[in-house]
Structures are given as C-alpha cells and as structure tokens.
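Take a look at the structure set out below.
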C-alpha cells in the first residue's frame, strides 16, 4: 500500500489547501503523473506522484487545508492486489477518463477550480492574463455575464498577503539560521556577448537565446566541480544533491517572487535550456507550476540585471546552501596588458552558507563560473 | 495593415504581458513606462511576430525604444 502524502513544496510551506483531485479511485497512476492541485501561499501547484499504482482511496477532500506530510490518499502498489475494493469502484477497471482537450489558452488551476464552482466553461473563455492565460477574474466576469450568483472570491490582497508571509517566513529563517558570506567578481562578457549576437543573428525570434540561459548553464557546469554548493543543509550536515536542479528566481507581476527549478541544467543544450526557462517563467506567472519544480531546486540563481542593478547580495533559500546573483551586463573599465578600456562586464556574486562551505571554495566556484562564461561555445 | 491597426496590435500584446499597463506615452522610452525584463521583451516580440508575421532581427532592437518607433518600424516592414 502506498501512502500519498502532501509534499513540502518549499521552506515557506507548512500546509496546503487541496483544490482538486486529478484522479479518482480505480485510476492507474504512474511516476510523474499529476494527481492533485494544491494551493500553497505562493501558488496553486500541480502535485505529482512518484510511484506507480492504483488509486484506492482519496482521504483529503477538496477545500481542506492540511499540514505537510498528511496522508492524502492510499494507492495499491503496482502488482499489489487491491485491498477491499471501494464500493464505488466497478469490478472491471474502467478506461481512464479521457484527459480534457488542451485548451487554447493556459488556465491557472485556481481559475479552473473557480470555473467549476461557478459552472463556467473555462475552455471557451478568452484569457486576459499573461500569454492569454484564463484568470480567476476572467472566470468571475464570465459568471457575472451569465447572471449567476458568484461566491465571494478571495480578494487579491489576501493572496498578496499570503505571498509576503511565505517570503517573510523563508527569508527570516534564512537570516536567522544561515551564516551567509558574500563574494563577488567582475566578469568580462565581451566573448559571451559577441558569441550570443552571432548565435542569434540568423535565428527567428522564437529561437533566440538570452544571456540568462548562458549564465544558468555556466553555474550548473561549475557545480559539477563544486558539488559542495549544490545541495542542502539538513540535521547539522551538508547533504549533496544528486542532480543539478537550478532554482530560477522569477518576479511575479502581482508582487512577490517564486524560484522553481529547471531540472538537470548541466545536461541540457542552450536551446533546450532557453525553452525550459521561457516555459518556466510563463507557467510561474500564469500560476501553473509542478510540485517537483517547487521542491527540487538544489541552488538558486537570481538575475536582477534587467532592473539596472550592478550587483546582487541575495539571501539563500533554505535548506539550500548557495545562491548566485547576476547584475546587469554593462560597459565597465577593464585593464588588460597595461591598457584600460571599456568592456561589457557583469558582477557575479555568491551568497554562501558558511556552515557548508568557506570563502576560499566560494571564490574558486565563482572563478569557475567566470571562466566558463569566457568560453560560451562550450556551454 | 495600417499604422493604426499595428498600433492596436502592439498595445494589445503589451497589455497581455503587462496587464497593469494603462496609458503609454508614445514618444517616451517604453522600458521606462513598463516593467519589462528580457524574457518579457522576447515574449512581446514573439507575439508581434505571430500576429503580424514580421521578423525582427536582434540587431534592430535598438530601433524599438518607444511605442512610436515600434509602430513605425513595423509599418515600414509590413509595407
């Protein structure tokens, strides 16, 4: 028997509210399937299951708020005879319900749920959110148009408040528990910039790569040689991570931020990484992230260069042990062969957990990131 | 397509990316008025490309500082 428990989707999450089950008793599930939508203080998240099995019993009811670790459902493991079959389950396993046809526009899980409550056909709604995403407001508008009484939706201010509380919890914990040290290095970016210009020159706009993707890849490749920055501080010891899953700090238009992971960054080509990054940013802003993206980051990268800052002194997201920041790429004085010239450069910074690593290692790690950015063709 | 029609498309796509956007001063730098990061900018150009079937090379980004410049640029390209 498999117990499906509410996973922790970040240091700022103690509990979650089940919005919706994506499965029903009798359904076969396999590793990686989405089984539920859970609302956390930061987002509604599609929760995946990590074992194969057959759903036996759904314990948590939609609308219930439960602590992390609560058993939400029971499943029979693959090959295991189902326990007393639930009365509702037919003797013959029914064909799985066909997945709903993908909608033309993305729909946030919260909007989808709200649409069901208001009996609105979400697939037919035009979306006003980012990338045409159907939002809760669109659903409410449609419901009003249909002259149906709409239950009061949680005001946006509540959402913003929950987001701020979640950030406050994680960041206070970080500053309370983690002895941060900070290092920074000016990294010349002429080669990377020239290489990227040539790379993008002949490409259609849909296939262009941003400098942020090169920076992510450089960090991930450097981590291969510096695994002591890739993992977690747990029970007074460093626990290295098995993969390099880089959390990307993404600011949300309604305020706040979220830092979901791109998995196995070191193994992806730049094109794949750029696609994954664009997809992640789009889904983060449309409120459609997966649980593994929330729970798996092994380090975080934050880039505030677009906002014009020179340097970022970032706060580690516990239980991670490092965060890498990038400022803006801008012309800066640079001395070479006794001559001073202006070259495009960026300040790369590292916030390190002094319990897990020392400044000496941190400096070498940053130098490795800088060196990788000098050979963009190898990224 | 007329410049006015292009302007409507540009504004609609801009609002899709930045729903909080209200008025845009046509001659003022766009990025001073709208919070657009590199990813937003790329998505904006992808959307314009899809709607107007106009390819915008990266080398031309510097010509696209204001709403006015964007509309002029696209109008010329679509002519």
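Protein chains in written order, with the working numbering: chain L, 22 to 400; chain S, 11 to 89. Ideal Cβ positions, reconstructed from N, Cα and C, are used throughout, including at glycine. Only a predicted model underlies this, so the values are computations on that prediction, with no experimental measurement involved.
Q) Exposed or buried, which one is residue 289 of chain L when buried takes at least 16 other CB atoms within 10 Å? A) As a first step, residue 289 of chain L must be located in the first chain, where it is residue number 268. With 16 or more Cβ atoms within 10 Å of its Cβ, residue 289 of chain L is classed as buried.
Q.
Considering just the uninterrupted stretch of the alpha helix (DSSP H) at residue 49 of chain S, what are its terminal residues?
A. Against the second chain, residue 49 of chain S aligns to sequence position 39. Looking at the DSSP string, the run of the alpha helix (DSSP H) that includes residue 49 of chain S is 48 to 62.
Q) With distances taken from CA atoms, which of S:81, S:24, S:35, S:76 is nearest residue 64 of chain S? A) Sequence index remark: in the second chain, residue 64 of chain S carries index 54 (1-based). The shortest Cα separation from residue 64 of chain S among S:81, S:24, S:35, S:76 belongs to S:81.
Q: Would you kindly work out how many angstroms separate the C-alpha atoms of residue 262 of chain L and residue 132 of chain L, rounded to a whole number?
A: To locate residue 262 of chain L, count along the first chain from 1; it is residue 241. To locate residue 132 of chain L, count along the first chain from 1; it is residue 111. The alpha-carbon atoms of residue 262 of chain L and residue 132 of chain L are separated by roughly 35 Å.
Q) Is there at least one Cβ from chain L nearer than 8 Å to residue 56 of chain S's Cβ? A) Counted from its first residue, the second chain places residue 56 of chain S at position 46. It does: the Cβ of residue 56 of chain S has a partner Cβ on chain L nearer than 8 Å.
Q: Tell me whether residue 383 of chain L sits in a helix, a strand or coil according to DSSP, three-state version.
A: Residue mapping note: residue 383 of chain L aligns to position 362 of the first chain, counting from 1. The answer is helix: DSSP assigns residue 383 of chain L an H, G or I state.
Q) On the three-state DSSP scale, how would you describe residue 67 of chain L? A) Here residue 67 of chain L refers to the residue found at position 46 of the first chain. DSSP places residue 67 of chain L in strand when its eight states are reduced to three.
Q) So what does DSSP say about residue 225 of chain L, is it helix, strand or coil? A) Taking the first chain and counting its residues from 1, the one referred to as residue 225 of chain L is at position 204. Residue 225 of chain L falls in the coil class under three-state DSSP.
(Q) For residue 443 of chain L, would you say it is in contact with chain S, using Cβ-to-Cβ distances shorter than 8 Å as the test? (A) Examination of residue 443 of chain L is not possible in this model, given that chain L is present from 22 through 400 alone.
Q: With DSSP as the reference, label residue 198 of chain L as helix, strand or coil.
A: Position 177 of the first chain, counted from the first residue, corresponds to residue 198 of chain L. Residue 198 of chain L: helix per DSSP, three-state reduction.
Q) In three-state terms, what does DSSP make of residue 35 of chain L? A) Sequence index remark: in the first chain, residue 35 of chain L carries index 14 (1-based). In this structure, residue 35 of chain L counts as coil in the three-state DSSP scheme.
Q.
Using only CA atoms, which one of L:63, L:344, L:316 lies nearest to residue 179 of chain L?
A. Within the first chain, numbered from 1, the residue matching residue 179 of chain L stands at position 158. For the residues L:63, L:344, L:316, the minimum Cα distance to residue 179 of chain L belongs to L:63.
Q. Between which two residues does the alpha helix (DSSP H) carrying residue 17 of chain S extend?
A. In the second chain, the residue the question calls residue 17 of chain S occupies position 7. Its alpha helix (DSSP H) spans residues 13 to 27.
Q: Kindly give me the distance between the Cβ atoms of residue 195 of chain L and residue 337 of chain L, rounded to whole angstroms, as I take these residues to be in contact under 8 Å.
A: Your numbering for residue 195 of chain L matches position 174 in the first chain. Your numbering for residue 337 of chain L matches position 316 in the first chain. At roughly 5 Å, the Cβ-Cβ gap stays under 8 Å, so residue 195 of chain L and residue 337 of chain L are in contact.
Q. Considering only residues of the same chain and omitting the five flanking positions on each side of residue 239 of chain L, which have a CB-CB separation below 7 Å?
A. Within the first chain, the letter at position 218 stands for residue 239 of chain L. Only 390, 393, 394, 400 meet the Cβ criterion.
Q) With DSSP run on the structure shown, which of helix, strand or coil describes residue 193 of chain L? A) Along the first chain, read from residue 1 onward, the residue named residue 193 of chain L stands at position 172. Here residue 193 of chain L sits in helix by DSSP.
(Q) Assuming the contact rule is C-beta atoms closer than 8 Å, residue 349 of chain L and residue 363 of chain L should be a hit. Round their C-beta distance to whole Å, please. (A) By one-based count along the first chain, residue 349 of chain L stands at place 328. By one-based count along the first chain, residue 363 of chain L stands at place 342. Rounded, the Cβ-Cβ distance is 14 Å, inconsistent with contact.
Q) Tell me, which residues are paired with residue 347 of chain L by DSSP? A) The count along the first chain starts at 1 and reaches residue 347 of chain L at position 326. Note: residue 347 of chain L sits in a beta bridge opposite L:324, L:369.
Q. Would the beta-carbon of residue 92 of chain L fall within 8 Å of that of residue 70 of chain L?
A. Locating residue 92 of chain L in the first chain gives position 71, counting from the first residue. Locating residue 70 of chain L in the first chain gives position 49, counting from the first residue. No, the Cβ-Cβ distance between residue 92 of chain L and residue 70 of chain L is not below 8 Å.
Q) Quick check: the segment 30 to 38 of chain S against the segment 51 to 67 of chain S, are there 3 or more CB pairs under 8 Å? A) no
Q: List in chain order: all unbroken alpha helix (DSSP H) runs of 4+ residues lying wholly within the segment 198 to 267 of chain L.
A: 211 to 222, 232 to 246
Q: Would you please state the rounded distance, in angstroms, between the beta carbons of residue 74 of chain L and residue 102 of chain L? I believe it to be under 8 Å.
A: What you label residue 74 of chain L is simply residue 53 of the first chain in a count that begins at 1. What you label residue 102 of chain L is simply residue 81 of the first chain in a count that begins at 1. So it is not a contact: roughly 12 Å between Cβ atoms.
Q | Buried or exposed by the 16-neighbour rule on C-beta atoms within 10 Å, applied to residue 60 of chain L | A | Residue mapping note: residue 60 of chain L aligns to position 39 of the first chain, counting from 1. Looking at its Cβ environment, which holds 16 or more other Cβ atoms inside 10 Å, residue 60 of chain L is buried.
Q) So, are the CB atoms of residue 322 of chain L and residue 368 of chain L less than 8 Å apart? A) Start at 1 with the first residue of the first chain, and residue 322 of chain L comes out as number 301. Start at 1 with the first residue of the first chain, and residue 368 of chain L comes out as number 347. It is not a contact, given that the beta carbons lie outside the stated cut-off.
**Q.** Counted within 10 angstroms of its Cβ, other Cβ atoms place residue 361 of chain L as buried (16 or more) or exposed
**A.** Here residue 361 of chain L refers to the residue found at position 340 when the first chain is read from its first residue. Counting Cβ neighbours within 10 Å, residue 361 of chain L comes out exposed, since fewer than 16 surround it.
Q) Looking at C-alpha atoms only, which residue of L:234, L:219, L:314, L:358 is the closest neighbour of residue 53 of chain L? A) The residue you call residue 53 of chain L lines up with position 32 of the first chain. Residue L:314 is the option with its Cα nearest to residue 53 of chain L.
Q: Please name the residue in L:396, L:72, L:292 whose C-alpha comes closest to that of residue 225 of chain L.
A: Numbered from its first residue, the first chain carries residue 225 of chain L at position 204. Closest by alpha carbon: L:292.
Q) Straight-line CA distance for residue 231 of chain L to residue 47 of chain S? A) Mapped onto the first chain, residue 231 of chain L falls at position 210. Mapped onto the second chain, residue 47 of chain S falls at position 37. Near 11 Å, if we compare the C-alpha coordinates of residue 47 of chain S and residue 231 of chain L.
Q) Can you find a CB in chain L that lies within less than 8 Å of the CB of residue 88 of chain S? A) As a working mapping, residue 88 of chain S is identified with position 78 in the second chain. So no, residue 88 of chain S is outside the interface.
Q: Output the distance between the C-alpha atoms of residue 74 of chain S and residue 83 of chain S, rounded to the nearest integer angstrom.
A: Numbered from its first residue, the second chain carries residue 74 of chain S at position 64. Numbered from its first residue, the second chain carries residue 83 of chain S at position 73. Rounded to the nearest angstrom, the two C-alpha atoms are 8 Å apart.
(Q) Please list, in chain order, the chain L residues whose beta carbon lies closer than 7 Å to that of residue 47 of chain S. (A) Your numbering for residue 47 of chain S matches position 37 in the second chain. Simply 327.
Q: Mind listing the chain S neighbours of residue 225 of chain L? Cutoff is C-beta to C-beta under 8 Å, in chain order.
A: By one-based count along the first chain, residue 225 of chain L stands at place 204. Those within 8 Å of residue 225 of chain L in chain S are 59, 65.
Q) CA-CA distance, residue 79 of chain S and residue 44 of chain S? A) In the second chain, residue 79 of chain S corresponds to position 69, counting from 1. In the second chain, residue 44 of chain S corresponds to position 34, counting from 1. For residue 79 of chain S and residue 44 of chain S, the distance between alpha carbons rounds to 15 Å.
Q | Proximity winner among L:28, L:326, L:76, L:100, relative to residue 47 of chain L (alpha-carbon distances) | A | Taking the first chain and counting its residues from 1, the one referred to as residue 47 of chain L is at position 26. For the residues L:28, L:326, L:76, L:100, the minimum Cα distance to residue 47 of chain L belongs to L:76.
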